[in-house]
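All residue numbers in the sequence shown are consecutive under the numbering used here, ending with 1321. Note that CB positions come from ideal geometry on N, CA and C, so glycine has one too.
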Amino acid sequence: MKGDVRMFLNVTDRRRITLVGLLTLVTVPAVLFFTRGEPQAEVATVAAAGVSVAGSGSETSEPPAPVFLEGPAGIAPTGTAVISYPSSQGSRLEGKGTFSSFNGAPQTVCNAPGAPYGVTIVVKNLDNGRSIACSNVMMPSTPANVVIVLHTRLFVELSDLVNAPIPVALTW
């Protein structure tokens, strides 16, 4: 057979493997034979002179009482939370986003016909909250019902490719 490389063991390696096999065949049964039927050795306890050592469980002892934390009670929650709203500066656009390889273009490009070309767009996935930034470039055509086409590498940072198209929010 052409290209078939076989590696044979030399004499020394074969002897080592044989020796290890024979030692294993002798030691495993010997260990099992000599340790069978013997009780396990008890753990010796050492105490200072004049101190009594507790027995092996013949004495009964009561478990300690549970510990409760004392002090003032905490402030009860009111059920309200502070809600932060983003500033209304800049433009915002929502819709579906998908991906394209852009045929060798840099990995930081995207195409959003609704945004000015050349601006940096922040794209946020509305399903999981992840966001990325990309440069808006012109593309010959954009699929229908899609507000942005991202480079494949950028889309992977937002979501899995199988989830396309995803709901996104664009700001610039």
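Report back the beta-carbon spacing between residue i and residue j to the nearest angstrom; my notes put them in contact at under 8 Å.
{"i": "Val1295", "j": "Thr1247", "result": "5 Å"}
Can you give me the start and stop residues for the beta strand (DSSP E) that residue i sits inside?
{"i": "Ala1282", "result": "1280 to 1285"}
{"i": "Gln1319", "result": "According to the sequence shown, residue 1319 is Leu rather than Gln. Here the beta strand (DSSP E) through Leu1319 covers 1315 to 1320."}
{"i": "Val1258", "result": "1258 to 1260"}
From the beta carbon of residue i, is the nearest beta carbon of chain D less than 8 Å away?
{"i": "Gly1170", "result": "In the structure shown, chain D cannot be found, because there is only a single protein chain."}
Does the distance from the CB of residue i to the CB of residue j come in under 8 Å?
{"i": "Leu1303", "j": "Cys1283", "result": "yes"}
{"i": "Pro1316", "j": "Asp1276", "result": "yes"}
{"i": "Ala1264", "j": "Leu1299", "result": "no"}
{"i": "Ser1280", "j": "Val1271", "result": "yes"}
{"i": "Asn1252", "j": "Met1287", "result": "no"}
{"i": "Asn1274", "j": "Ser1308", "result": "yes"}
Let me know the secondary structure DSSP gives residue i once reduced to three states.
{"i": "Leu1242", "result": "strand"}
{"i": "Val1298", "result": "strand"}
{"i": "Val1175", "result": "helix"}
{"i": "Thr1269", "result": "strand"}
{"i": "Asn1277", "result": "coil"}
{"i": "Thr1247", "result": "strand"}
{"i": "Ile1166", "result": "helix"}
{"i": "Val1383", "result": "One cannot answer for residue 1383 here, as it falls past the ends of the chain, which runs 1150 to 1321."}
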